[in-house]
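To keep things clear, I will list the structure first and then write my remarks on it.
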Amino acid sequence: AQSVTQPDIHITVSEGASLELRCNYSYGATPYLFWYVQSPGQGLQLLLKYFSGDTLVQGIKGFEAEFKRSQSSFNLRKPSVHWSDAAEYFCAVGAQDSNYQLIWGAGTKLIIKP
Amino acid sequence: DTAVSQTPKYLVTQMGNDKSIKCEQNLGHDTMYWYKQDSKKFLKIMFSYNNKELIINETVPNRFSPKSPDKAHLNLHINSLELGDSAVYFCASSRGTPPEQYFGPGTRLTVT
């Protein structure tokens, strides 16, 4: 069955430190991959996406993610986090053969220590 | 210049009532969605409409009925509300393939 796993429910990082949020997927077809961010009380905002081509993709707010097919992963990174990055982060995966319906991870809550 | 808007933002109602949530997008997108986010932040697709036609209809109670009067609007009507319907409901829209979905701010529904 298709699935998306975000292994970390919470991650705490000091302001200015680097960040990596993990996302693993199980998908038979070529996946399309997304990272979304949800600030408290807000809707979801698209951070970045991978469809094809260069496996290192750049997004908004200084985020990047790397698609590793061999590891079925699409981890999100940021070299230096800011207090405003505190939010819930969701990984989502879709594929053409499932009508692009997105399968969502359970989310990772990012907590920033001052 | 709001892209995807939802009304109301908060909705508190009693069990057994009927309520509607409205969604509008001004992005010119041809596909719209309804998601339910539970208290643990888990997102579940409920419905998807493309050019006013239903294309995804996940297993949700038939008390939930989407209505798309035109490409820019997708409303969600809920009959006989139950406690378990309490959640945040998100509307989203997209265009093209693969679709990038743009989300509204959400409607927090509380059933008492």
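These protein sequence lines are chains A and B, in that order. If you're matching positions, the first sequence starts at 126 in the numbering used here and goes up one per residue. If you're matching positions, the second sequence starts at 131 in the numbering used here and goes up one per residue. Heads up, the beta-carbon is just placed ideally off N, CA and C, and yes, glycines get one too.
Report the rounded CA-to-CA distance for residue i versus residue j, giving the unit in angstroms.
| i | j | result |
| --- | --- | --- |
| Gly141 (chain A) | Pro239 (chain A) | 9 Å |
| Lys197 (chain B) | Trp164 (chain B) | 11 Å |
| Gly234 (chain B) | Ser209 (chain A) | 20 Å |
| Ser223 (chain A) | Thr227 (chain B) | 12 Å |
| Lys193 (chain A) | Phe199 (chain A) | 6 Å |
| Val162 (chain A) | Lys170 (chain B) | 15 Å |
| Phe159 (chain A) | Asn147 (chain B) | 37 Å |
| Thr137 (chain A) | Leu172 (chain A) | 20 Å |
My guess is that residue i and residue j are in contact by the Cβ rule of under 8 Å, so how many angstroms apart are they, rounded?
| i | j | result |
| --- | --- | --- |
| Asn205 (chain B) | Ser150 (chain B) | 6 Å |
| Tyr157 (chain A) | Tyr175 (chain A) | 7 Å |
| Thr155 (chain A) | Ala220 (chain A) | 7 Å |
| Ala211 (chain A) | Ile185 (chain A) | Going by Cβ atoms, the distance from Ala211 (chain A) to Ile185 (chain A) rounds to 16 Å, so no, they are not a contact pair. |
Please list the terminal residues of the continuous beta strand (DSSP E) segment that includes residue i.
| i | result |
| --- | --- |
| Pro196 (chain B) | 194–200 |
| Gly219 (chain A) | 212–219 |
| Gln183 (chain A) | 181–183 |
| Val206 (chain A) | From DSSP, Val206 (chain A) is part of no beta strand (DSSP E); its letter is neither H nor E. |
| Tyr175 (chain A) | 169–175 |
By Cβ distance below 7 Å, which residues in the same chain neighbour residue i in space, the five residues on each side in sequence not counted?
| i | result |
| --- | --- |
| Pro229 (chain B) | Thr161 |
| Asn166 (chain B) | Per the sequence shown, residue 166 (chain B) should be read as Lys rather than Asn. Here the set comprises Lys174, Met176, Ala217, Tyr219. |
| Asn180 (chain B) | Asp160, Thr161 |
| Asp215 (chain B) | Ile208, Leu239, Val241 |
Say yes only if the C-beta of residue i is nearer than 7 Å to one or more non-hydrogen atoms of the ligand MG, and no if none qualify.
| i | result |
| --- | --- |
| Pro228 (chain B) | Ligands are entirely absent from the displayed structure, and the ligand MG is therefore not among its contents. |
Please return the same chain residues whose Cβ sits closer than 6 Å to the Cβ of residue i, not counting the five positions on each side in sequence.
| i | result |
| --- | --- |
| Gln231 (chain B) | Ala222, Ser224 |
| His135 (chain A) | Lys234 |
| Lys152 (chain B) | Thr137, Asn205 |
Practice task
Run through the region 134–217 of chain B for me and flag every whole beta strand (DSSP E) of 3 or more residues, listed as ranges in chain order.
Solution key: 134–137, 140–143, 149–155, 161–167, 173–180, 183–187, 194–200, 203–208
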